[in-house]
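Visitor: Counted the way full-length UniProt numbering counts, the sequence shown spans residues 1 to 638.
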Amino acid sequence: MSARFAESVHGRVTAWVVLAVSVLMTVLAWRAAERYQADDARGRFEAAVDATQLRIVERLRNYELVLRTGAGLFAASQEVSADEWRAFTARIDLQRSYPGLQGLGYAVLTAPPTPQAAEGRSAIIYLEPQDWRNQRALGFDMLSEPVRLSAMARARDEGGAALSGRVTLLQETVEDMQHGTLMYWPVYRSGAPLDSVAARRAALQGWVYAPFRMRDLMDGILPAQGQQVAFALHDGDRVDPARQLVASGTAQPGTRYRAQRQMMIAGAVWTVDFFATPAFEEAAHSLQPALIGLGGLLVDLLLFGALHALARNGRLLAERNLELQRSREALSREQAALRERERRYRGVVESTREGFLMADHQGRITEVNDAYLALSGFPREALIGQPIGSVDAQLDAAALQEIAHRVQLQGHLRFETRHRRADGPPWPVEVSLSRQAEDGAVFAFVHDLGELKRLEAERQQATEQIRRLAFHDALTQLPNRRLLLDRLGQALSAARRTRQHGALLFIDLDHFKALNDTHGHAAGDEVLVQCAQRLQACTRAEDTVARLGGDEFVLMMASGLPEDPAEALAQVRVVADKLLATLDLPYAVADTQHHCSPSIGATLFRDQAAAEDVLRQADDAMYRAKREGRRALRFATL
């Protein structure tokens, strides 16, 4: 009986020990589930914060590229008209492609710095689209307002984009008022040196700029459905309600998920206060840990009851121990599954269209996203473990060392370079580096500039073609009337200054209309082309040969004639006689000889009031040559 009692006592003690151990394990599992749930929620919140911050930075970077493109339009053409600016903004489709952009404008520097206006004066002359809001801003001197002036001066001195502080835009009315900000990109005179701050200030021509209404700008940053975070954006390096730019919601009292991030955008510091939405808070705290705890306790009690009832049965005790082991294994599998879900937040890096590299504190690549692999053509295994500088094809070791030093000091850096490609030439990129303070890791976002460079080259080519069509005759490739009058005006100014004469010869082909009517316009065009070639062969390189239209040509001798009118006329006669003899020769067109003698009217110029006066005098003299028999030279009466 004593043995039976001892066995019973031993069985009860064993049951209680097992119960205590299982309850302890249940409590540990419940606490582990709670910690995992908190860590998982924190990880999802941080991932949502990172994604939202990335969207804000990407949107502002895209708008910065728009400003750079607009400045490139001014660099490609010495003057940009209002129609050209309107066509440019229509081509890039501002309202559809760049939501939140109130407009794209150009402010010209109208007056240099003076004691009364230390930074000079400016005026907004272009602002598209020209809706009723934007028309309110035309003509405004942005240098007269301190916040705008600070950003404009920074853009001018640094030669890049500059974002202003919080302002009230001129476009605002009493309805639907929003805080605003402006981004500027300087426009310098073409060809001017820009190697110092003083040089950039001297070369300043104006600013391409964009005004933003902050609530409109931030619309679409967060997805319409399933928002996890909201934020309040502040101007400056701290959270200050007096400097709040925009808020997507209001933080609930006692929120458990909150983070503050600072962003450096175009030289301006923004502080973003992120906080979880009520929907996120509710979803982050499920009943799963409690269910695990209650389920575990239920299992523990059942196990205790079974052990207590079957304390004298070793076989049943072994079975219960086996069930306990299986429960532990199931718990381990569940914990492994929870850890797997914890890693899923890293997928936010793969969702961006930009290339992404991450390097450890030693500068070796530890992660690379699919976007960068697609851009570079390298397999992932060829990059992992390599120095991050090995992907650069442009910068030498000293430059890379300097970049690493600046990132170490500043925490972030952006620059342009060229990266290696596995199966082709290096490609132009813009790299944004940021260093993580916790572990020294470096994030590199790589933006492909190849398409932008190609578009800039095409735009420059198109601009040159337009300029040539505007100033040259399409048939003969000679300067047209517009270019002739421009050069004649310059020559007239130079003649007045030097007191030397210039000469203008007006040339008309006799009987050209009859040739055109008899043999067709193709034959006439061929005669005009040959006539242009003969004129160019008979003149000096500094002279201008132009076609005014039809069969009318002009030769302008802008320099080299004596101050004495009689001597100047004598030299002009020598040139005119040479032209008469050359142009009187037959023209060979389609195995047929055609004859078109020239009639020439000539005049000297120096003291005339305008280029049109000189042209009219030569024209009158040419018609006098026609009336008096053709194939002749007549001088204008001065």
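Glycine residues also receive a C-beta, built at the ideal position from the N, C-alpha and C atoms.
1) Residue 226: buried (16+ other C-beta within 10 angstroms of its C-beta) or exposed?
2) Put residue 655 into one of helix, strand or coil per three-state DSSP.
3) By how many angstroms is the C-alpha of residue 548 removed from the C-alpha of residue 472?
4) Anyone know if the C-beta pair for residue 446 and residue 355 falls short of 8 angstroms?
5) Taking only the alpha-carbon atoms, compute the straight-line gap between residue 541 and residue 535 and give it to the nearest angstrom.
6) Please tell me whether residue 229 and residue 277 are closer than 8 angstroms, where the distance is taken between their beta carbons.
7) Count the other CB atoms within 10 Å of the CB of residue 553; is the residue buried (16 or more) or exposed (fewer)?
8) Between the alpha carbons of residue 97 and residue 63, how many angstroms are there, rounded?
9) Check the C-beta distance from residue 147 over to residue 164 and give it rounded, since I have them as a contact under 8 angstroms.
10) Under DSSP, the alpha helix (DSSP H) around residue 518 begins and ends at which residues?
11) What residues in its chain sit with their C-beta under 6 angstroms from that of residue 640, if we drop five residues either side in the sequence?
12) Taking only runs that begin and end inside the stretch 565-617, name each unbroken beta strand (DSSP E) of 3 or more residues, in chain order.
13) Restricting to Cα atoms, I'd like to know which of 194, 564 and 84 is closest to residue 155.
14) So, are the CB atoms of residue 495 and residue 489 less than 8 angstroms apart?
15) Flag this pair as yes or no: are the beta carbons of residue 450 and residue 361 separated by less than 8 angstroms?
16) DSSP has residue 234 in a bridge; who is on the other side?
17) How big is the Cα-Cα spacing for residue 625 and residue 631?
18) Suppose you measure from the CA of residue 224 to the CA of residue 248; what does that come to, to the nearest Å?
19) With respect to the beta strand (DSSP E) encompassing residue 365, which residues constitute its N-terminal and C-terminal limits?
20) Per DSSP, what are the beta-bridge partners of residue 430 in this structure?
21) Out of 408, 598 and 358, point me to the one whose CA is closest to residue 391's CA.
22) Can you list the alpha helix (DSSP H) stretches of 4 or more residues lying completely in the UniProt domain "CHASE" (113-222), in chain order?
23) In its own chain, which residues sit with a C-beta less than 8 angstroms from the C-beta of residue 262, not counting the 5 before and 5 after it?
24) Go through its chain and collect everything with a Cβ distance to residue 562's Cβ below 6 angstroms, but skip five positions before and after it.
25) Do residue 200 and residue 246 have their beta-carbon atoms positioned less than 8 angstroms apart in this structure?
26) Please report the residue range of the alpha helix (DSSP H) in which residue 356 lies.
27) By Cβ distance, which residues of its chain are closer than 8 angstroms to residue 345, with the 5 residues on each side in sequence left out?
28) Touching or not, the stretch 55-73 and the stretch 92-109, by the rule of three or more beta carbon pairs under 8 angstroms?
29) For a test of the three-state rule: what should DSSP assign to residue 558, helix, strand or coil?
30) Determine the contact status of residue 470 and residue 481, defining contact as a CB-CB distance below 8 angstroms.
31) Excluding the 5 residues flanking residue 342 on each side, which residues of the same chain have their C-beta closer than 7 angstroms to its C-beta?
32) Specify, as a first and last residue, the run of the beta strand (DSSP E) that residue 259 falls within.
33) Relative to the alpha-carbon of residue 579, which residue among 597, 570 and 87 has its alpha-carbon at the smallest distance?
34) Return yes when the Cβ of residue 82 is within less than 8 angstroms of the Cβ of residue 126, no when it is not.
35) I'd like to know whether the C-beta atoms of residue 257 and residue 231 end up nearer to each other than 8 angstroms.
36) Is it buried or exposed for residue 52, if we count other Cβ within 10 angstroms and need 16 for buried?
Guide: So, to answer that:
1) Numbered from its first residue, the sequence shown carries residue 226 at position 226. At residue 226, the pLDDT of 48 sits below 50, so the modelled position is not reliable; the number obtained from the coordinates is stated separately. Per the 10 Å Cβ criterion, exposed.
2) No answer is possible for residue 655: the residues shown for the chain start at 1 and end at 638.
3) Position 472 of the sequence shown, counted from the start, is the residue given in the question as residue 472. Position 548 of the sequence shown, counted from the start, is the residue given in the question as residue 548. Across the structure, residue 472 and residue 548 are spaced so that their CA atoms are roughly 10 angstroms apart.
4) Within the sequence shown, the letter at position 446 stands for residue 446. Within the sequence shown, the letter at position 355 stands for residue 355. Yes; because the gap between Cβ atoms is below 8 angstroms, this pair is in contact.
5) Residue 541 sits at position 541 when you count from the first residue of the sequence shown. Residue 535 sits at position 535 when you count from the first residue of the sequence shown. C-alpha separation (whole angstroms): 11 angstroms.
6) Locating residue 229 in the sequence shown gives position 229, where the first residue counts as 1. Locating residue 277 in the sequence shown gives position 277, where the first residue counts as 1. Contact flag set, yes.
7) By 1-based counting over the sequence shown, the position of residue 553 is 553. Buried, by the Cβ-count rule.
8) Counting from 1 along the sequence shown, the entry for residue 97 is found at position 97. Counting from 1 along the sequence shown, the entry for residue 63 is found at position 63. Taking the straight line from one Cα to the other gives about 10 angstroms.
9) The residue given as residue 147 occupies position 147 in the sequence shown. The residue given as residue 164 occupies position 164 in the sequence shown. With 8 angstroms as the limit, residue 147 and residue 164 qualify as a contact, their Cβ atoms being about 5 angstroms apart.
10) As a working note, residue 518 is residue 518 in the sequence shown. Its alpha helix (DSSP H) spans residues 512-519.
11) Outside the modelled stretch of the chain, which goes from 1 to 638, sits residue 640, for which no answer is possible.
12) Annotation note: the stretch 565-617 contains the following uninterrupted beta strand (DSSP E) runs of length 3 or greater, listed N- to C-terminal: 587-589, 592-594 and 598-605.
13) For the purposes of this step, residue 155 is taken as the residue at position 155 of the sequence shown. Nearest of 194, 564 and 84 to residue 155, Cα basis: 194.
14) Taking the first residue of the sequence shown as position 1, residue 495 is located at position 495. Taking the first residue of the sequence shown as position 1, residue 489 is located at position 489. Going by C-beta atoms, residue 495 is not nearer than 8 angstroms to residue 489.
15) Stepping through the sequence shown from its first residue, residue 450 is reached at position 450. Stepping through the sequence shown from its first residue, residue 361 is reached at position 361. It is not a contact, given that the beta carbons lie outside the stated cut-off.
16) Residue numbering aside, residue 234 sits at position 234 when the sequence shown is read from its first letter. Paired residues: 244 and 271.
17) Working through the sequence shown from its first residue, we reach residue 625 at position 625. Working through the sequence shown from its first residue, we reach residue 631 at position 631. When rounded, the separation of the alpha-carbon atoms in residue 625 and residue 631 is 7 angstroms.
18) What you label residue 224 is simply residue 224 of the sequence shown in a count that begins at 1. What you label residue 248 is simply residue 248 of the sequence shown in a count that begins at 1. Because the pLDDT at residue 224 is just 49, under 50, the model does not fix this residue reliably, and the point stays unresolved.
19) For the purposes of this step, residue 365 is taken as the residue at position 365 of the sequence shown. Residues 365-368.
20) As a first step, residue 430 must be located in the sequence shown, where it is residue number 430. Residue 430 pairs with 416 and 447.
21) In the sequence shown, the residue the question calls residue 391 occupies position 391. Of 408, 598 and 358, the residue nearest in Cα terms is 358.
22) 132-135, 146-158, 197-203 and 214-218
23) Position 262 of the sequence shown, counting from 1, holds the residue named residue 262. The residues are 237, 269, 270, 271 and 272.
24) Along the sequence shown, one-based indexing puts residue 562 at 562. Hits under 6 angstroms: 568.
25) Indexing the sequence shown from 1 puts residue 246 at position 246. Indexing the sequence shown from 1 puts residue 200 at position 200. Contact annotation: residue 246 and residue 200 have beta-carbon atoms that are not nearer than 8 angstroms.
26) Along the sequence shown, one-based indexing puts residue 356 at 356. In the DSSP annotation of this structure, residue 356 is not part of any alpha helix (DSSP H); the continuous beta strand (DSSP E) holding it starts and ends at 355-359.
27) Your numbering for residue 345 matches position 345 in the sequence shown. Low confidence applies to residue 345: its pLDDT is 42, below 50, so where it sits in the model is not reliable, and the reading given next is rough at best. Excluding positions up to five away in sequence, the list reads 43, 44, 46 and 47.
28) Yes: the two stretches touch, three or more of their Cβ pairs being nearer than 8 angstroms.
29) Numbered from its first residue, the sequence shown carries residue 558 at position 558. Reduced to three states, the DSSP call for residue 558 is coil.
30) Residue mapping note: residue 470 aligns to position 470 of the sequence shown, counting from 1. Residue mapping note: residue 481 aligns to position 481 of the sequence shown, counting from 1. Cβ atoms of residue 470 and residue 481: not closer than 8 angstroms.
31) For the purposes of this step, residue 342 is taken as residue 342 along the sequence shown, with counting starting at 1. Residue placement at residue 342 cannot be trusted, given a pLDDT of 41 that sits under 50; what the coordinates show is reported in the next sentence. Same-chain partners within the cutoff: 39, 40 and 43.
32) By 1-based counting over the sequence shown, the position of residue 259 is 259. From DSSP, the beta strand (DSSP E) with residue 259 extends over 258-265.
33) Within the sequence shown, the letter at position 579 stands for residue 579. When each option's Cα is compared against that of residue 579, the closest is 597.
34) Position 126 of the sequence shown holds residue 126. Position 82 of the sequence shown holds residue 82. Cβ distance < 8 angstroms, so residue 126 and residue 82 count as in contact.
35) Position 257 of the sequence shown, counted from the first residue, corresponds to residue 257. Position 231 of the sequence shown, counted from the first residue, corresponds to residue 231. Cβ atoms of residue 257 and residue 231: not closer than 8 angstroms.
36) Translated into positions along the sequence shown, residue 52 becomes position 52. Buried is the call here.
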